[in-house]
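Residue numbers (our numbering): 401 to 536.
Here a beta-carbon is modelled for each residue, glycine too, at the ideal position from N, C-alpha and C.
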């Protein structure tokens with residue numbers, strides 16, 4: 401019996417994204433397009449459609465997998481909570497900390513003080529990156 405291998409791919413920001421079934425990671429054929437995208441602010445807004453949020457997460461993960469620096473990851477009112485080192489968005493999507501992010505900016509829906517546990521969870525999240533310079 402022969403193993404079945406299926407290729408999953410689509411175009412993302414003028415770059416072809418392919419799922420590596422063996423590694424379980426998304427890979428990008430054109431790293432220059434991804435590098436250009438990540439050289440600017442990458443924003444995930446609460447009002448963004450689910451698919452757009454998902455595609456942004458995939459592009460951030462692909463950049464991180466290829467050690468492409470992500471200038472700034474801006475979570476605009478999209479953070480619900482942090483659980484086990486992943487940011488959980490209000491949409492329910494999980495965002496693992498990209499290892500190559502330089503800045504993380506988090507704006508919550510309502511202005512409030514963060515609990516000690518929330519601060520600890522955010523610190524655990526950002527400790528997973530090796531390029532972090534700033535968090536707001």
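Kindly provide the ranges of any alpha helix (DSSP H) runs that are 4 or more residues long and lie completely inside the stretch 428-505, ordered along the chain.
Correct list: 431-438 and 450-465.
Taking buried to mean at least 16 other C-beta atoms within 10 Å of its own C-beta, is residue 525 buried or exposed?
Looking at its Cβ environment, which holds 16 or more other Cβ atoms inside 10 Å, residue 525 is buried.
Could you check where the alpha helix (DSSP H) with residue 559 kicks off and where it finishes?
Because the chain is modelled from 401 through 536, residue 559 falls outside the range shown and cannot be assessed.
Based on DSSP bridge pairs, tell me the residues matched to residue 535.
Per DSSP, 504.
Who are the Cβ neighbours of residue 497 in its own chain at under 7 Å, not counting the five residues just before and after it?
Only 485, 525, 526, 528 and 529 meet the Cβ criterion.
Under the rule that 16 or more other beta-carbon atoms within 10 Å means buried, what is residue 479, buried or exposed?
Looking at its Cβ environment, which holds 16 or more other Cβ atoms inside 10 Å, residue 479 is buried.
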